[in-house]
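Undergrad:
Number of protein chains: 2
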Amino acid sequence: MPAPLRERLRAGPQLRLRDDDAARTPLRARDGRDKRSRHDIKQAERDATAGLTEQIARLQEMLFAQRRRKVLIVLQGMDTSGKDGLVRSLYSRLNPMGVRAVQFKAPNDVEAAHDFLWRVHQQVPVAGEIAVFNRSHYEDVLVPRVQHQIDEPECRRRLAHIRDFERMLAETGTVIVKLFLHISSDEQRKRLQARLADPEKQWKFDENDIVQRKRWDEYRQAYEEAIVATDAEHAPWYIIPADAKTHRNLLVSTLLLEILGALELAYPAPDQELARLTIS
Amino acid sequence: MPAPLRERLRAGPQLRLRDDDAARTPLRARDGRDKRSRHDIKQAERDATAGLTEQIARLQEMLFAQRRRKVLIVLQGMDTSGKDGLVRSLYSRLNPMGVRAVQFKAPNDVEAAHDFLWRVHQQVPVAGEIAVFNRSHYEDVLVPRVQHQIDEPECRRRLAHIRDFERMLAETGTVIVKLFLHISSDEQRKRLQARLADPEKQWKFDENDIVQRKRWDEYRQAYEEAIVATDAEHAPWYIIPADAKTHRNLLVSTLLLEILGALELAYPAPDQELARLTIS
Numbered sequence: 011m012p013a014p015l016r017e018r019l020r021a022g023p024q025l026r027l028r029d030d031d032a033a034r035t036p037l038r039a040r041d042g043r044d045k046r047s048r049h050d051i052k053q054a055e056r057d058a059t060a061g062l063t064e065q066i067a068r069l070q071e072m073l074f075a076q077r078r079r080k081v082l083i084v085l086q087g088m089d090t091s092g093k094d095g096l097v098r099s100l101y102s103r104l105n106p107m108g109v110r111a112v113q114f115k116a117p118n119d120v121e122a123a124h125d126f127l128w129r130v131h132q133q134v135p136v137a138g139e140i141a142v143f144n145r146s147h148y149e150d151v152l153v154p155r156v157q158h159q160i161d162e163p164e165c166r167r168r169l170a171h172i173r174d175f176e177r178m179l180a181e182t183g184t185v186i187v188k189l190f191l192h193i194s195s196d197e198q199r200k201r202l203q204a205r206l207a208d209p210e211k212q213w214k215f216d217e218n219d220i221v222q223r224k225r226w227d228e229y230r231q232a233y234e235e236a237i238v239a240t241d242a243e244h245a246p247w248y249i250i251p252a253d254a255k256t257h258r259n260l261l262v263s264t265l266l267l268e269i270l271g272a273l274e275l276a277y278p279a280p281d282q283e284l285a286r287l288t289i290s
Numbered sequence: 011m012p013a014p015l016r017e018r019l020r021a022g023p024q025l026r027l028r029d030d031d032a033a034r035t036p037l038r039a040r041d042g043r044d045k046r047s048r049h050d051i052k053q054a055e056r057d058a059t060a061g062l063t064e065q066i067a068r069l070q071e072m073l074f075a076q077r078r079r080k081v082l083i084v085l086q087g088m089d090t091s092g093k094d095g096l097v098r099s100l101y102s103r104l105n106p107m108g109v110r111a112v113q114f115k116a117p118n119d120v121e122a123a124h125d126f127l128w129r130v131h132q133q134v135p136v137a138g139e140i141a142v143f144n145r146s147h148y149e150d151v152l153v154p155r156v157q158h159q160i161d162e163p164e165c166r167r168r169l170a171h172i173r174d175f176e177r178m179l180a181e182t183g184t185v186i187v188k189l190f191l192h193i194s195s196d197e198q199r200k201r202l203q204a205r206l207a208d209p210e211k212q213w214k215f216d217e218n219d220i221v222q223r224k225r226w227d228e229y230r231q232a233y234e235e236a237i238v239a240t241d242a243e244h245a246p247w248y249i250i251p252a253d254a255k256t257h258r259n260l261l262v263s264t265l266l267l268e269i270l271g272a273l274e275l276a277y278p279a280p281d282q283e284l285a286r287l288t289i290s
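Protein chains in written order, with the numbering used here: chain A, 11 to 290; chain B, 11 to 290.
1) So if DSSP puts residue 311 of chain B in a beta bridge, which residue, or which two residues, is it bridged to?
2) So, does the CB of residue 191 of chain A fall closer than 8 angstroms to a CB anywhere in chain B?
3) Report the residues of the segment 90-106 of chain A with a CB closer than 9 angstroms to any CB of chain B, ordered along the chain.
4) Please specify which runs of the alpha helix (DSSP H), each continuous and at least 4 residues long, are wholly inside the segment 225-252 of chain A, giving them in chain order.
5) Can you list the alpha helix (DSSP H) stretches of 4 or more residues lying completely in the segment 43-102 of chain B, in chain order?
6) Helix, strand or coil for residue 264 of chain A per DSSP?
7) Rank B:245, B:269, B:41 by C-alpha distance to the C-alpha of residue 177 of chain B and give the top, closest one.
8) Can a CB atom of chain B be found closer than 8 angstroms to the CB of residue 281 of chain A?
9) Could you pull the start and end residues of the beta strand (DSSP E) that residue 113 of chain A belongs to?
10) Going by alpha carbons, who is nearest to residue 63 of chain A out of A:17, A:267, A:14?
11) In chain B, which residues lie with their C-beta within 8 angstroms of the C-beta of residue 121 of chain A?
12) Nearest to residue 286 of chain A by CA position, among B:226, B:207, B:253, is which residue?
13) Would you mind working out which of B:16, B:58, B:26, B:106 sits nearest residue 259 of chain B, comparing C-alpha positions?
14) As a quick exercise: from B:249, B:13, B:270, pick the residue whose alpha carbon is nearest that of residue 24 of chain B.
15) I need the straight-line Cα distance from residue 195 of chain A to residue 228 of chain A, nearest angstrom please.
16) Of all Cβ atoms in chain A, is any one closer than 8 angstroms to the Cβ of residue 289 of chain B?
17) For residue 144 of chain B, report the span of its beta strand (DSSP E) as first-last.
18) Relative to the C-alpha of residue 53 of chain A, which residue among A:255, A:280, A:276 is closest?
19) Could you give the residue range of the alpha helix (DSSP H) that holds residue 179 of chain A?
20) Give the residues of chain A in contact with residue 207 of chain B, contact being defined as C-beta atoms less than 8 angstroms apart.
21) Name the chain A residues whose beta carbon is nearer than 7 angstroms to that of residue 254 of chain B?
22) Determine, for residue 229 of chain A, whether the minimum Cβ-Cβ distance to residues of chain B falls below 8 angstroms.
23) For the segment 250-278 of chain B, list every residue whose C-beta sits within 9 angstroms of some C-beta in chain A, in sequence order.
24) At what residues does the beta strand (DSSP E) containing residue 189 of chain B begin and finish?
25) With residue 154 of chain A as the anchor, note down where its alpha helix (DSSP H) starts and where it stops.
26) Starting from residue 141 of chain B, find everything on chain A with Cβ-Cβ shorter than 9 angstroms and list it in chain order.
27) Using the Cβ count rule (16 or more neighbours within 10 Å means buried), how would you classify residue 251 of chain A?
28) Which of the residues in the segment 154-187 of chain B, read from start to end, lie with their CB under 9 angstroms from any CB of chain A?
29) Against chain B, does residue 199 of chain A count as a neighbour if the rule is that its beta carbon must be under 8 angstroms from one of theirs?
30) How about residue 173 of chain A and residue 232 of chain A: are their beta carbons less than 8 angstroms apart?
31) Could you check the C-alpha separation between residue 26 of chain B and residue 121 of chain A for me, to the nearest Å?
32) Run through chain B and tell me which residues come within less than 7 angstroms of residue 215 of chain A, C-beta to C-beta.
33) Identify the continuous alpha helix (DSSP H) that holds residue 217 of chain B and give its terminal residues.
34) Excluding the 5 residues preceding and the 5 following residue 97 of chain B in the sequence, name in chain order all residues of the same chain whose CB lies nearer than 8 angstroms to its CB.
35) For residue 66 of chain B and residue 187 of chain B, which I take to be in contact (beta-carbon distance under 8 angstroms), what is that distance rounded to the nearest angstrom?
36) How is residue 26 of chain A classed by DSSP in three states: helix, strand or coil?
Here it is in structure tokens:
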């Protein structure tokens with residue numbers, strides 16, 4: 011019996027993204043052992059993910075019915091790492107009334123005039139809700155750092171602010187799950203190239219993606235430091251190898267089911283008298 | 011060739027909800043003509059809805075890519091009429107990054123201290139987005155009216171405010187679609203009764219539902235007047251017979267596909283030079 015994904019994917023203080031293989035597929039049989047075609051393996055992973063997401067949906071309904079705990083899922087990753095695809099995979103079966111996807115873009119004037127946690131705090135999940143942050147407050151220790159808009163002491167202060175903020179959220183009932191979708195530079199190149207070539211996807215292309223791509227190593231370094239500095243028992247980071255899309259979704263749904271399953275959720279106990287009431 | 015649903019379901023000035031059969035199923039063969047079992051008919055409707063929703067998802071992506079028009083879907087209906095179920099059916103295939111479900115509950119203190127459109131205006135869709143209002147500003151001409159918290163002149167003023175507000179939204183690029191999910195009193199009784207008996211659903215029961223139910227005729231009357239007073243070419247109301255759940259979802263997806271299809275959406279024209287760019 012392998013260890014739970016919560017342990018196997020957890021980022022530790024020794025995290026070295028350079029040495030982490032973004033193409034590994036821990037839920038697949040080792041090379042050569044699985045005789046099915048690549049296509050069949052992917053389809054099986056899609057089906058398995060769908061089944062797990064059904065189970066997650068059941069737990070989500072209990073979470074919503076109890077209206078006690080909150081769940082915050084933070085999604086980070088380089089451009090094209092699959093954040094949107096993952097949100098879509100999750101949403102396909104969850105109840106939209108209890109799940110909220112929040113996309114954080116570059117801050118507007120009003121947001122930039124506040125501290126960087128201001129706009130984020132406004133979007134945290136309420137009791138019973140799951141909020142999925144597609145990018146997050148972590149952008150504020152990545153982009154400005156790589157672009158030298160903030161210096162090292164300011165970056166350290168921000169990381170401390172994030173630690174304090176997340177501890178407060180956890181202590182007030184929020185289950186925090188932070189996912190880093192790890193793709194390789196080569197996989198990103200392929201995905202950007204495919205985006206350019208597809209007339210139905212070219213609109214997603216942003217010239218800034220190429221500018222950022224040139225600073226791959228610096229971003230990877232900034233991610234690594236931010237992850238190590240903010241990984242905590244109450245706000246753990248998980249490193250999701252994300253070069254293989256269907257496997258990535260399967261990993262995340264397996265992991266989320268483990269985490270939600272451990273919360274011992276249940277429907278509120280039904281009232282027997284109410285069950286006997288006749289509606290006229 | 012039957013007329014489009016946009017015409018067949020459209021509420022007219024002659025609307026009489028009392029005479030509208032909530033159990034009718036215009037997309038099914040007439041009684042006795044379809045030899046399949048009830049179960050098979052429902053499954054076929056689910057499959058057809060899934061197929062239509064895939065097509066809607068494609069148009070939604072184009073809407074999002076263009077970032078020009080906005081779509082506002084207003085869902086209204088008595089308790090248990092299926093607003094949540096419909097949102098869920100829609101969401102299962104749309105891209106959550108371009109669709110936002112907003113649930114309006116009883117106003118909180120701050121909201122109640124403002125005009126009734128204040129909190130609604132904050133949630134209207136942005137360019138490229140579809141917003142689904144699960145309940146809406148229409149609640150403010152229903153509940154307070156039936157409970158005599160506002161008098162007739164105030165109700166007429168509010169209806170005029172709604173007309174002006176929706177005209178402004180339409181003239182600034184919003185496609186408005188208003189759906190009244192019409193269930194019969196008997197169907198509601200069955201659904202509430204089933205909710206009470208099911209230990210996994212009893213938590214959804216609200217004693218207030220029974221209080222409201224006693225005023226069925228008054229609510230129906232208030233709905234009818236609000237719908238007739240605010241139906242307009244740029245903000246049309248559609249009456250969706252909703253006693254049959256799978257047929258209701260099929261009707262709505264067919265209708266939405268007609269409406270979005272008429273917008274002549276397309277992906278932005280690809281840039282040929284960009285398509286030839288090589289990413290390093």
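Positions of the beta carbon are idealized from the N, C-alpha and C atoms, including for glycine.
TA: A quick look at the data gives this:
1) Residue 311 of chain B lies beyond the residue range present for chain B, which begins at 11 and ends at 290; the question has no answer from this structure.
2) Within the first sequence, the letter at position 181 stands for residue 191 of chain A. Taking Cβ atoms only, chain B never reaches closer than 8 angstroms to residue 191 of chain A, which makes this a no.
3) 94, 97, 98, 100, 101, 102, 103, 104, 105, 106
4) 226-240
5) 48-76, 93-101
6) The residue given as residue 264 of chain A occupies position 254 in the first sequence. Helix, per DSSP.
7) As a position in the second sequence, residue 177 of chain B is number 167, starting the count at 1. In this structure, B:245 is the residue among B:245, B:269, B:41 with its C-alpha nearest to the C-alpha of residue 177 of chain B.
8) Start at 1 with the first residue of the first sequence, and residue 281 of chain A comes out as number 271. Chain B contact via Cβ: present.
9) Against the first sequence, residue 113 of chain A aligns to sequence position 103. Counting along the chain, the beta strand (DSSP E) containing residue 113 of chain A begins and ends at 109-113.
10) For this step, residue 63 of chain A is matched to residue 53 along the first sequence. The option with the nearest alpha carbon to residue 63 of chain A is A:267.
11) Along the first sequence, one-based indexing puts residue 121 of chain A at 111. Going along chain B, no residue has its Cβ under 8 angstroms from residue 121 of chain A, so there is no contact; the nearest lies around 15 angstroms.
12) Within the first sequence, the letter at position 276 stands for residue 286 of chain A. The residue with the shortest Cα to Cα distance from residue 286 of chain A is B:207.
13) Counted from its first residue, the second sequence places residue 259 of chain B at position 249. Nearest of B:16, B:58, B:26, B:106 to residue 259 of chain B, Cα basis: B:58.
14) Here residue 24 of chain B corresponds to residue number 14 of the second sequence, with the count starting at 1. Of all alpha-carbon atoms in B:249, B:13, B:270, the one lying nearest the alpha-carbon of residue 24 of chain B is that of B:249.
15) What you label residue 195 of chain A is simply residue 185 of the first sequence in a count that begins at 1. What you label residue 228 of chain A is simply residue 218 of the first sequence in a count that begins at 1. In a straight line, the C-alpha of residue 195 of chain A is about 12 angstroms away from that of residue 228 of chain A.
16) Mapped onto the second sequence, residue 289 of chain B falls at position 279. Yes - at least one Cβ of chain A is within 8 angstroms of the one on residue 289 of chain B.
17) Walking along the second sequence from the start, residue 144 of chain B turns up at place 134. Element bounds for residue 144 of chain B: 140-144.
18) Stepping through the first sequence from its first residue, residue 53 of chain A is reached at position 43. The shortest C-alpha separation from residue 53 of chain A is found at A:255.
19) Position 169 of the first sequence, counting from 1, holds the residue named residue 179 of chain A. Note, residue 179 of chain A: alpha helix (DSSP H), 162-181.
20) Taking the second sequence and counting its residues from 1, the one referred to as residue 207 of chain B is at position 197. Simply 285.
21) Start at 1 with the first residue of the second sequence, and residue 254 of chain B comes out as number 244. In chain order: nothing, as chain A lies at least about 20 angstroms away.
22) On the first sequence, residue 229 of chain A is found 219 positions in, with the first residue counted as 1. No, residue 229 of chain A does not count as interfacial toward chain B.
23) Per Cβ criterion, the list reads 277, 278.
24) Locating residue 189 of chain B in the second sequence gives position 179, counting from the first residue. Element bounds for residue 189 of chain B: 184-192.
25) Sequence index remark: in the first sequence, residue 154 of chain A carries index 144 (1-based). Unbroken alpha helix (DSSP H) run through residue 154 of chain A: 153-156.
26) One-based indexing of the second sequence puts residue 141 of chain B at position 131. None at all; the shortest Cβ gap to chain A is about 12 angstroms.
27) Locating residue 251 of chain A in the first sequence gives position 241, counting from the first residue. So residue 251 of chain A counts as buried.
28) Listed by position, the residues of the segment 154-187 of chain B near chain A (Cβ gap below 9 angstroms) amount to none.
29) The count along the first sequence starts at 1 and reaches residue 199 of chain A at position 189. Chain B contact via Cβ: present.
30) Working through the first sequence from its first residue, we reach residue 173 of chain A at position 163. Working through the first sequence from its first residue, we reach residue 232 of chain A at position 222. Not in contact: residue 173 of chain A and residue 232 of chain A (Cβ atoms no closer than 8 angstroms).
31) Working through the second sequence from its first residue, we reach residue 26 of chain B at position 16. Working through the first sequence from its first residue, we reach residue 121 of chain A at position 111. For residue 26 of chain B and residue 121 of chain A, the distance between alpha carbons rounds to 49 angstroms.
32) Along the first sequence, read from residue 1 onward, the residue named residue 215 of chain A stands at position 205. Residues of chain B passing the Cβ test: 284.
33) Taking the second sequence and counting its residues from 1, one reaches residue 217 of chain B at position 207. Per DSSP, residue 217 of chain B belongs to the alpha helix (DSSP H) from 217-223.
34) Walking along the second sequence from the start, residue 97 of chain B turns up at place 87. Here the set comprises 85, 111, 142, 144.
35) Within the second sequence, residue 66 of chain B is the residue found at index 56, counting from 1. Within the second sequence, residue 187 of chain B is the residue found at index 177, counting from 1. Contact flag wrong, Cβ pair sits at about 12 angstroms.
36) Taking the first sequence and counting its residues from 1, one reaches residue 26 of chain A at position 16. Residue state, collapsed to three classes: coil.
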